[in-house]
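For the sequence shown, our numbering begins at 8 and goes up steadily by one.
All C-beta atoms, glycine included, are put in the ideal place defined by N, C-alpha and C.
The next block holds one structure in the form of structure tokens; read it before the comments.
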Amino acid sequence: MINPVQSVQIAIGSITSAKMRSALTALGIIIGVAAVVANVALGASFNQYFTDEIGSIGTNFIIIEGREDNLFFENELKLVENTPGIDSVSPIIGSSAEVKYMSESKILTVAGVSADYDEVRNMEIADGCFVTDKDRYTAVLGHNVANDKFDRKIGLQNSIDLTFRLDDGTTVARKFKVKGITEKTSFFGDPSATSDDYIFIPIDTMMEITGEKDYGAFFASAVSLETVEETADEVDERLARNFGVSKRDMDDNDAKPYKIMTQTEILERTGEWGDAIKMLLTAVALISLVVGSIGIANIMLVTVTERTNEIGLMKSLGFTSMDILSLFVVESAVVGLFGGILGSLLGFVGAYGATSIMGLPNVFPVSLVVIGFSVSVGVGLIAG
């Protein structure tokens with residue numbers, strides 16, 4: 008029985024004596040492994056991207072949105088604020104307004120919020136500071152509003168004119184002084200639109216101008232991520248009792264005049280999206296790997312045919328059929344190993360390039376190395 012060391016030595020000698028054939032054999036492995044490694048890395052990067060984007064919406068957030076008008080008032084705000092596990096709450100009133108700066112006008116979204124909104128929303132301020140509950144006619148501009156929406160950039164202490172059209176058709180115009188400008192954020196995951204395109208003003212000022220008495224939504228944060236679901240359930244129960252929702256309808260979201268979204272829920276949902284993307288990418292990569300395996304098997308079959316005389320000589324020297332089989336299997340495994348090394352490197356480079364172009368985080372799990380080598384050697388053994 009030939010020992011493993013001799014098998015490897017003979018396999019390497021056979022590979023180096025037929026470099027072109029060995030290179031063609033390894034090419035299928037390289038392409039297949041590169042595809043698997045790159046696609047699994049991309050899937051992990053997408054998952055990380057989704058998680059980061061959801062985290063950027065806010066810290067342990069709970070969003071309560073009304074399904075109808077005239078639903079949330081001061082009573083409901085106090086009810087949410089007094090719920091155990093709630094850290095802070097900001098009511099929100101949204102409206103479109105004509106925004107005039109210099110001689111240029113745009114229709115933009117204005118949000119009336121409380122002083123806690125930037126903390127709950129995990130909002131970063133690039134310049135200046137956020138509005139306070141004592142402010143009147145001050146505004147915080149989203150990054151795009153300040154830098155891209157108008158021909159001239161809007162800076163701190165500049166004045167803008169906001170004109171609101173009320174339900175009765177009349178208009179109300181007020182001049183606001185810019186108090187802050189937000190850092191640029193990402194679009195994904197925001198429940199309405201990116202805050203880059205928003206103008207934030209004190210909620211009391213918004214209610215005074217528009218005459219609104221009710222809030223459109225509440226943006227709340229729990230004391231910790233671990234208590235988000237428990238706190239959201241408690242808020243749900245309190246609001247359901249407040250609006251007369253029966254206990255048998257508690258599990259029927261359509262029976263409630265409001266809806267609640269949590270960070271945990273959205274993270275789970277986006278995790279499912281990420282897993283689906285990863286599975287799709289991996290399936291495409293596996294097809295490449297199967298095609299590569301078939302190519303290796305064909306080349307190995309041709310190799311056996313070409314080396315019939317060599318096999319006969321080995322038999323005459325006392326090699327058993329099992330010895331000869333092991334030589335071919337070891338040879339294909341060594342080719343697979345070399346292909347796996349090159350394919351893994353190529354996959355890492357490809358994934359790095361793709362994530363850099365798409366602006367995704369570069370995530371390369373250690374498991375990718377194990378996957379790359381296991382797949383390459385396994386395919387080599389099976390094909391051999």
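- Contact between the stretch 253-264 and the stretch 161-169 is absent, with fewer than three C-beta pairs closer than 8 Å.
- When the beta-carbon positions are compared, S121 and S97 come within less than 8 Å of each other.
- The C-beta of G176 has fewer than 16 other C-beta atoms within 10 Å across all chains shown, which makes the residue exposed.
- Runs of beta strand (DSSP E) with 3 or more residues, each lying fully within the stretch 63-145, are found at 68-73, 93-108, 111-120, 132-135, listed in chain order.
- Ranked by Cα distance from T116, the options Y222, I206, A283, D76 are led by I206.
- Looking at the backbone, the Cα of R172 and that of L287 are separated by about 48 Å.
- Scanning the stretch 327-385 for uninterrupted alpha helix (DSSP H) segments of 4 residues or longer gives 328-365, listed from N- to C-terminal end.
- Going by C-alpha positions, I331 is about 38 Å away from V356.
- Taking C-beta atoms as the reference points, F57 and W280 count as a pair closer than 8 Å.
- Taking a cut-off of 8 Å for Cβ pairs, the stretch 233-248 and the stretch 206-223 do not touch, as fewer than three such pairs fall below it.
- Counting along the chain, no alpha helix (DSSP H) covers L169; the unbroken beta strand (DSSP E) around it starts and ends at 166-172.
- Taking 8 Å as the cut-off, the Cβ atoms of A51 and G350 do not count as close.
- D221 is positioned such that its CB atom lies no closer than 8 Å to that of G149.
- Contact between the stretch 26-34 and the stretch 244-262 is absent: fewer than three C-beta pairs spanning the two stretches fall below 8 Å.
- At the C-beta level, E111 and F183 stay beyond 8 Å of one another.
- Annotation for A104: L115, V117, L169, T170, F171 place their beta carbon closer than 7 Å to its own, counting only its chain and skipping 5 residues before and after.
- T145 and T362 have their C-alpha atoms roughly 40 Å apart.
- Secondary structure of S228 (DSSP, three-state): strand.
- In chain order, S95, S97 place their CB closer than 6 Å to the CB of D123, counting only its own chain and leaving out the 5 sequence neighbours on each side.
- Around the CB of T315, fewer than 16 other CB atoms lie within 10 Å, so the residue is classed as exposed.
- The alpha-carbon of V47 is positioned some 12 Å away from that of V377.
- In the assembly as shown, T189 is a buried residue. Its beta-carbon has 16 or more other beta-carbons within 10 Å.
- Assignment of beta-bridge partners to A180 by DSSP yields T170.
- Here M27 carries a helix assignment [DSSP, helix/strand/coil].
- Your pair I132 and A229 does not check out as a contact, with CB atoms roughly 23 Å apart and the cut at 8 Å.
- E338 counts as buried, since at least 16 other C-beta atoms from the protein chains shown sit within 10 angstroms of its C-beta.
- Counted as a single uninterrupted DSSP element, the alpha helix (DSSP H) harbouring M214 occupies residues 210-217.
- Taking all protein chains shown into account, I364 has fewer than 16 neighbouring C-beta atoms within 10 Å of its C-beta and is therefore exposed.
- For M321, the enclosing alpha helix (DSSP H) has its first and last residue at 315-323.
- Residue state for V252 is assigned as coil, using DSSP reduced to three classes.
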